[in-house]
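K.L.:
Once you've had a glance at the structure underneath, I'll fire off some questions.
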Amino acid sequence: MEAYEERFGWDRKTLGVVALCAVFVGLASLPGMPIVLRVLVYALFGVGGLVMVFVAFSRKVALRVDERGVLLGGSPLRYSATTARVRWNTITAVVLWEQRLRHTRLLYVGLARLPGSPPLPGPGRGLDPPIVGARSVGHVPPEVLAASVCVNGWRLDEARLAAAVARFAPPGVRVVDTRGK
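Counting with the numbering used here, you get residues 6 to 186 for the letters of the sequence shown.
What follows is the structure, given as structure tokens:
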């Protein structure tokens, strides 16, 4: 078996957001639209839509599991500064967890790591984990929260992830699914 790798690309959510942005930009372009509103819509939805298109076409690695460890892909806009490569000798589990929001749930892939492991680069990863965890998802240990990536702009194949962890991880490291807890 080869490495398990997922890249940023087009998924249903990305297509929906880009389409919605295009509708708003189209409506703002109608004759008679106040210039202030037009500029605001172009700035928010036009630029936002273009960023989503850039992310989808970037095809940067979002998640990779191989013999060296786990790569947590960062933001495609600041990829080098926000991507973390975590070696197997510091990982104790790969954790699937979700953040419940009002109308949706966001899936995350996180890493439980050995105590004392250094902080990872990336947004939210340099913050004080206990504060971040208490404010957003109390069922996820703060250390896992600080070493997680959101499945957004890419698809997760849970069976392939589990197979790659079983193949490459040291004995005792497994995928732990905490969703619904």
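Note that beta-carbon positions come from the ideal geometry of N, C-alpha and C, so glycine has one too.
What do you get for arginine 69, buried or exposed, if any count of 16 or more other CB atoms within 10 angstroms of its CB means buried?
P.N.:
buried
K.L.:
Here's a check: name, in chain order, each residue in its chain whose Cβ is nearer than 6 Å to the Cβ of leucine 77, leaving out the five neighbours to either side.
P.N.:
Ala89, Val154
K.L.:
Please list, in chain order, all residues of the same chain as leucine 112 whose beta carbon is under 6 Å from its beta carbon, the five residues on each side excluded.
P.N.:
Glu103, Val156
K.L.:
Evaluate threonine 109 with the Cβ neighbour count: other Cβ atoms within 10 Å of its Cβ, from every protein chain shown; 16 or more gives buried, anything less gives exposed.
P.N.:
exposed
K.L.:
Pairing CB atoms from the stretch 16-23 with CB atoms from the stretch 32-41, are three or more of them under 8 Å?
P.N.:
Short answer: they don't touch.
K.L.:
Spatial neighbours of arginine 184 within its chain, please: C-beta separation below 7 Å, excluding the five flanking residues on both sides.
P.N.:
Closer than 7 Å at Cβ, skipping near neighbours: Leu101, Trp102, Glu103.
K.L.:
Below 8 Å on the Cβ atoms is my guess for leucine 65 versus arginine 17; work out the distance and round it to an integer in Å.
P.N.:
Residue 65 is actually lysine in this sequence, not leucine. Not quite, the Cβ-Cβ distance comes to about 20 Å (not below 8 Å), so this is no contact.
K.L.:
With a cut-off of 8 Å on the beta carbons, I'd call phenylalanine 59 and proline 81 a contact; round off their distance for me.
P.N.:
7 Å
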